[in-house]
Amino acid sequence: MKYTLEEIYVLVGRGDKTATVTFHPESESFKTYGRHVTVVFTYTQKERLALDKLISEGEFNTSGFAKAKFLGLELSDDKIKKLNSEGINSDDILEILYFNHERANTFHSKEIREIKKTSIPMKTHSKGRDFDWMYGFTKRLVRDNIGITPYERNFYLGGKLYYEPDELTEDEVNEIYEGGMTLKEEVEYQFLFIKMMREEINEEEKKQLGLLISKKHKRNFDILDTYLQQAGSSIKKLAELNIGKAVELFAKVDGFTDRKLSHNTAKIIYIDIDGFLHIYMRHVEEMKINKHFEHKDNFQWKEEDVFLVIKNVIEQVDKEIQDFFVKNPDGRYSRYGDKSLYFEGDYYTFHIEKNGRLSTFHKNKK
Numbered sequence: 000m001k002y003t004l005e006e007i008y009v010l011v012g013r014g015d016k017t018a019t020v021t022f023h024p025e026s027e028s029f030k031t032y033g034r035h036v037t038v039v040f041t042y043t044q045k046e047r048l049a050l051d052k053l054i055s056e057g058e059f060n061t062s063g064f065a066k067a068k069f070l071g072l073e074l075s076d077d078k079i080k081k082l083n084s085e086g087i088n089s090d091d092i093l094e095i096l097y098f099n100h101e102r103a104n105t106f107h108s109k110e111i112r113e114i115k116k117t118s119i120p121m122k123t124h125s126k127g128r129d130f131d132w133m134y135g136f137t138k139r140l141v142r143d144n145i146g147i148t149p150y151e152r153n154f155y156l157g158g159k160l161y162y163e164p165d166e167l168t169e170d171e172v173n174e175i176y177e178g179g180m181t182l183k184e185e186v187e188y189q190f191l192f193i194k195m196m197r198e199e200i201n202e203e204e205k206k207q208l209g210l211l212i213s214k215k216h217k218r219n220f221d222i223l224d225t226y227l228q229q230a231g232s233s234i235k236k237l238a239e240l241n242i243g244k245a246v247e248l249f250a251k252v253d254g255f256t257d258r259k260l261s262h263n264t265a266k267i268i269y270i271d272i273d274g275f276l277h278i279y280m281r282h283v284e285e286m287k288i289n290k291h292f293e294h295k296d297n298f299q300w301k302e303e304d305v306f307l308v309i310k311n312v313i314e315q316v317d318k319e320i321q322d323f324f325v326k327n328p329d330g331r332y333s334r335y336g337d338k339s340l341y342f343e344g345d346y347y348t349f350h351i352e353k354n355g356r357l358s359t360f361h362k363n364k365k
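Each residue of the sequence shown is one higher than the last, beginning at 0 in numbering that gives the first Met the number 0.
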């Protein structure tokens, strides 16, 4: 018996099932990989759609190579890469064994999905003592050349100004003081916030912190207003027409800080408030305020899970992203078209700017 590409797809590829593939003796695959391999077959969005079309037409006669992700330990890196890039020749396959009870692939599903999560409770310490270890942790990241977000960088500088002012380097002083004179507002905010939480702030500093908080709120709301206007609305209009939705958006924007998409890497990948609003207001159903972006494909995930989906997609190619920016520090990393990444039934397009900021992320149309 010879397996066709359509049969492989129907048996195990369409549902992302784990398969043990046994090869014909004397076949090239047998000589390269041994008697059998355990894999998950992988497809681009275009390949899935093409196979779906062939299957709907009753065509089951195509031979060729099917790319696969190796799940074992015994193959060399070169052979694993060959499976990923070249794949398995369908004519070399003697038998495919698989389990029927695995979770169904969701490529063809239109339902809203949910990621299973585990919540770990955290204890906080009194009088701002949490900031002691938070600063120590961020300081270690800087020391070890681990990438941090702009928000974390400002926290580190504000923390060092508070905890270790005599240890500031010349470069850090120049970064903290604009023109060598004026304390940078983002750093001053972190410095004063630490003092407030540790109950060491005076009245004059409280007033200054209040002013900085007001400026921070205004910046975030101005960004929100820009995106609302792109959707044919505004903060004022939304508050008049749907106060519930307005309050919901205000709360999300008001407390937003940069969110990390990579950890323990030299190049930080993160999402800022611009990226958050650009992605969520176009592609997350719960955050859409009208039908202005109804032509955009929505994520088939609950709003609170979208960030985890983004992280999971980015983590698939984290090493590749790091290598790209080492070789192209002023470049823009992109995945789209046939290079789109697959996760839980969908293919995703995204772009990362040279500073590590995720600027675009959306699900491809099916």
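From the three backbone atoms N, C-alpha and C, an ideal C-beta is built for every residue, glycine too.
Remember, it's a predicted structure, so these values are computed and weren't measured experimentally.
The alpha helix (DSSP H) enclosing R142, as first and last residue numbers: D129 to R142
Local Cβ density within 10 Å of F136, reported as buried at 16 or more and exposed below that: exposed
R372 - DSSP class collapsed to helix/strand/coil: Residue numbering for the chain in the displayed model covers 0 to 365; residue 372 lies beyond these limits and cannot be assessed.
Whole-angstrom C-beta distance between T256 and Y150, which should lie under 8 Å: 5 Å
Where R281 sits in the DSSP three-state scheme: helix
Helix, strand or coil at K68 according to DSSP, with G and I counted as helix: strand
Span separating the alpha-carbon of E199 from that of S213: 21 Å
Buried/exposed call for R281, threshold 16 Cβ in 10 Å: buried
Rounded C-alpha distance that separates L211 from T148: 20 Å
Sequence-distant residues of the same chain with beta carbon closer than 6 Å to I320, five excluded per side: Y332
DSSP three-state assignment for S232, whether helix, strand or coil: coil
Whole-angstrom C-beta distance between E169 and K159, which should lie under 8 Å: Between E169 and K159 the Cβ distance is about 13 Å, and since that is not below 8 Å, they are no contact.
Integer Cβ distance of L70 from T37, believed to fall under 8 Å: 5 Å
Proximity below 8 Å, CB of E204 to CB of K215: no
Supposed contact pair D91 and F22 - C-beta distance, whole angstroms, cut 8 Å: 5 Å
Which listed residue (D304, I278, D345 and N327) has its alpha carbon closest to that of S358: I278
E56 classed as buried or exposed, judged by whether at least 16 other C-beta atoms fall within 10 angstroms: exposed
Nonlocal neighbours in the same chain, by C-beta distance under 6 Å from L82, ignoring five residues either side: A67 and F69
Simplified DSSP assignment, three categories, for F59: coil
Beta carbon of L48 nearer than 8 Å to that of L4: no
Inside the region 171–216 only - alpha helix (DSSP H) runs reaching at least 4 residues: 184–196
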